[in-house]
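Please read the structure below before turning to the comments.
Below, the structure is given as structure tokens:
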């Protein structure tokens, strides 16, 4: 039993160290063949920038989800976007509305691609 607790404590300690958000870089320089200068630099992990996109199109397909739905929109330029609309992702959850196939929908949200499909996690329904 004590061995199991010791293993759990060791694992949680390693996980804590691994999950740190900052990385420290140490650089050493030699000047004039004598002097050694070490500098510490803290570098934060870079997060990729999120691209926001607004799309308006005709709903051609609806797939119900757990707390919302995904609608496939076709724009006037014949581009297709899968827009995921849920209460939890909306900036103002009171904007949530259901749509039917054939209706026009305009949304703004986080744009990303899955394979070759355009995806938008909707933040605002206009």
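In UniProt numbering, the protein residues as written are 1 to 126.
C-beta: ideal position from N, C-alpha, C; glycine also.
Could you give the DSSP three-state label for residue i: helix, strand or coil?
{"i": "residue 94", "result": "helix"}
{"i": "residue 118", "result": "strand"}
Count the other C-beta atoms from every protein chain shown that fall within 10 angstroms of the C-beta of residue i, then say buried if there are 16 or more, exposed otherwise.
{"i": "residue 109", "result": "buried"}
{"i": "residue 102", "result": "exposed"}
{"i": "residue 65", "result": "exposed"}
Closer than 7 Å to a non-hydrogen atom of the ligand SAH - does that hold for the CB of residue i?
{"i": "residue 55", "result": "This structure simply doesn't include the ligand SAH, nor any ligand for that matter."}
Taking Cβ to Cβ, would you say residue i is nearer than 8 Å to residue j?
{"i": "residue 55", "j": "residue 81", "result": "yes"}
{"i": "residue 90", "j": "residue 83", "result": "no"}
{"i": "residue 87", "j": "residue 68", "result": "yes"}
{"i": "residue 156", "j": "residue 53", "result": "This structure cannot settle anything about residue 156, because the visible part of the chain is limited to 1 through 126."}
In whole angstroms, what is the alpha-carbon distance linking residue i and residue j?
{"i": "residue 113", "j": "residue 51", "result": "11 Å"}
{"i": "residue 115", "j": "residue 75", "result": "19 Å"}
{"i": "residue 70", "j": "residue 105", "result": "12 Å"}
{"i": "residue 79", "j": "residue 48", "result": "25 Å"}
{"i": "residue 62", "j": "residue 124", "result": "18 Å"}
{"i": "residue 111", "j": "residue 100", "result": "23 Å"}
{"i": "residue 57", "j": "residue 107", "result": "9 Å"}
{"i": "residue 98", "j": "residue 85", "result": "9 Å"}
Could you check where the beta strand (DSSP E) with residue i kicks off and where it finishes?
{"i": "residue 57", "result": "51-64"}
{"i": "residue 74", "result": "68-74"}
{"i": "residue 83", "result": "80-86"}
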